[in-house]
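Remarks on the structure that follows.
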Amino acid sequence: MAAPISHLPETTFFLTLPNKLPFLRRVRSYYHHILSFRSGFQPDLQVSQQLQHTKRVLEATNSSLSQQLRLSINQLGQREQDLQGARRELAQSQEALQVEQRDCQDVKEQLQACQSDREKTKETLRKVRADEGPWHSNLLSFNKVTQTEAIRSQPGPFGE
1 MAAPISHLPE TTFFLTLPNK LPFLRRVRSY YHHILSFRSG FQPDLQVSQQ
51 LQHTKRVLEA TNSSLSQQLR LSINQLGQRE QDLQGARREL AQSQEALQVE
101 QRDCQDVKEQ LQACQSDREK TKETLRKVRA DEGPWHSNLL SFNKVTQTEA
151 IRSQPGPFGE
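Be aware that the sequence shown starts at 1, since it is given in full-length UniProt numbering, and climbs by one per residue.
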């Protein structure tokens with residue numbers, strides 16, 4: 001007598017198929033027939049046909065799984081290429097950002113230097129004005145008068 005189906009090894013049935021329940025029932029049925037054959041309850045021809053059918057089903061399943069595996073490998077290869085491209089773009093963007101940050105830092109340092117020079121110039125100008133006193137005003141007035149007289153003494157366009 002054949003062994004009950006519940007005593008089948010479980011590792012036989014861990015296949016990933018779209019509709020695996022009918023397939024598992026067929027495998028269990030074939031297993032049952034094989035056990036019956038071993039006990040001498042079925043004719044050899046019927047068992048041979050069932051084994052051939054099981055072989056074809058397993059070959060078709062293997063072919064389908066191989067095709068799915070090849071497709072998955074191709075998809076993973078494409079994803080890997082996409083990821084490498086994205087990594088290259090990211091590295092370029094990070095490098096460009098670092099250049100921009102260095103340029104920005106240089107401009108900030110130049111601005112600080114200019115502001116420092118401006119403050120020094122203002123302070124120097126304040127000191128010069130404080131040291132000039134009233135004689136500077138007289139000098140400026142004298143320069144204005146001298147310039148005015150020089151302009152007046154030049155001949156005009158009509159030889160005046």
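Glycine residues also receive a C-beta, built at the ideal position from the N, C-alpha and C atoms. This one's a predicted model, so the numbers in the text were calculated from it and none came from an experiment.
- C-alpha of Ser64 to C-alpha of Gln52: approximately 18 Å in a straight line.
- The straight-line gap separating the alpha-carbon atoms of Ala86 and Ala60 is approximately 39 Å.
- Taking all protein chains shown into account, Gln78 has fewer than 16 neighbouring C-beta atoms within 10 Å of its C-beta and is therefore exposed.
- Rounded to the nearest angstrom, the gap between the Cα atoms of Val47 and Arg70 is 34 Å.
- When rounded, the separation of the alpha-carbon atoms in Leu76 and Asp82 is 10 Å.
- Beyond the five residues adjoining it in sequence on each side, Lys120 comes within less than 7 Å, by CB distance, of no other residue in the same chain.
- Within the same chain, and ignoring the five residues on either side of Leu45 in sequence, no residue has its Cβ closer than 6 Å to its Cβ.
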